[in-house]
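Going by my numbering, the letters in the sequence shown line up with residues 100 to 300, in that order.
Each residue gets a CB set at the ideal place from its N, CA and C atoms; glycine is no exception.
Predicted model, so just to flag it, every value in this text is computed and none were measured.
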Amino acid sequence: PIMRKFRSFLLHNPFFFFFLTKKVVQKFSIGSYEQRVKVGAVDRPHYGYCVYHAAVLARKLGYQRMSVLEFGVAGGNGLLNLEYHAREIKKSIGIDIEIYGFDTGEGLPDPQDYRDLLYHWKKGFYKMDVPMLQAKLKTAKLILGNVKETSKDFFARSNPAPIGAIAFDFDFYSSTVDALKMLDADEKFYLPRVYCYFDDT
């Protein structure tokens with residue numbers, strides 16, 4: 100009876116079967132990276148989707164390099180994940196990816212706007228262990244400080260390859276608005292289409 104119920108559950112819940120299959124594909128890296136991204140069988144599939152499709156666009160336009168930004172690094176798991184996607188994309192598409200992570204390093208700053216959700220987020224949340232993260236990172240670069248300031252000279256100091264994907268995970272409305280202002284920079288710093296992912300929307 101138990102097995103019959105389980106079989107019935109599987110037959111009537113295709114999502115469960117798809118979820119299980121996806122986990123197996125991800126765990127054992129079955130198929131090409133491109134195929135795994137298409138079905139979401141990678142860690143942080145939202146990152147993989149944005150970076151992969153930006154790289155495809157960059158390649159079609161004849162670029163050898165492109166950049167990816169992450170706003171809100173915290174413990175650094177997102178940057179490490181972006182490094183993974185960059186390695187896989189380099190192998191499958193042959194394009195180099197520069198990764199830049201923006202963060203205060205000290206956790207969330209003082210709120211600036213009621214839309215920063217003062218009842219939920221508090222100053223100092225998600226403080227970074229900078230030395231530990233720096234030791235883990237292989238290619239990604241940290242841009243430390245309040246984005247309102249670091250965004251002003253980022254392009255002059257870093258001269259990044261054209262930006263093709265951005266992950267917004269600042270939590271605060273005010274910090275996200277400051278980060279969005281970077282899109283006003285000269286078009287030479289961006290691909291014609293920039294894939295963006297917004298967390299906490």
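Asked	Found
According to DSSP, is L236 part of a helix, a strand, or is it coil?	coil
In its own chain, which residues sit with a C-beta less than 6 angstroms from the C-beta of L241, not counting the 5 before and 5 after it?	G200
Starting from the Cα of F288, find the closest Cα among E197, D142, P113, Q134 and give me that residue.	E197
Name the two residues that bound the continuous beta strand (DSSP E) containing V293.	289 to 297
To the nearest angstrom, report how far apart R270 and Q163 are at their CA atoms.	Rather than Arg, the amino acid found at residue 270 in this sequence is Asp. Distance between the alpha carbons of D270 and Q163 is about 33 angstroms.
Are A154 and G263 closer than 8 angstroms when you measure CB to CB?	yes
Should I265 be labelled buried (16 or more other beta-carbon atoms within 10 Å of its own) or exposed?	buried
May I ask you to report which of helix, strand or coil DSSP gives E205?	coil
Within the segment 116 to 174, note down every full alpha helix (DSSP H) run reaching 4 residues or more, in order along the chain.	132 to 137, 144 to 159
Taking all protein chains shown into account, decide if T203 is buried (16 or more other Cβ within 10 angstroms of its Cβ) or exposed.	buried
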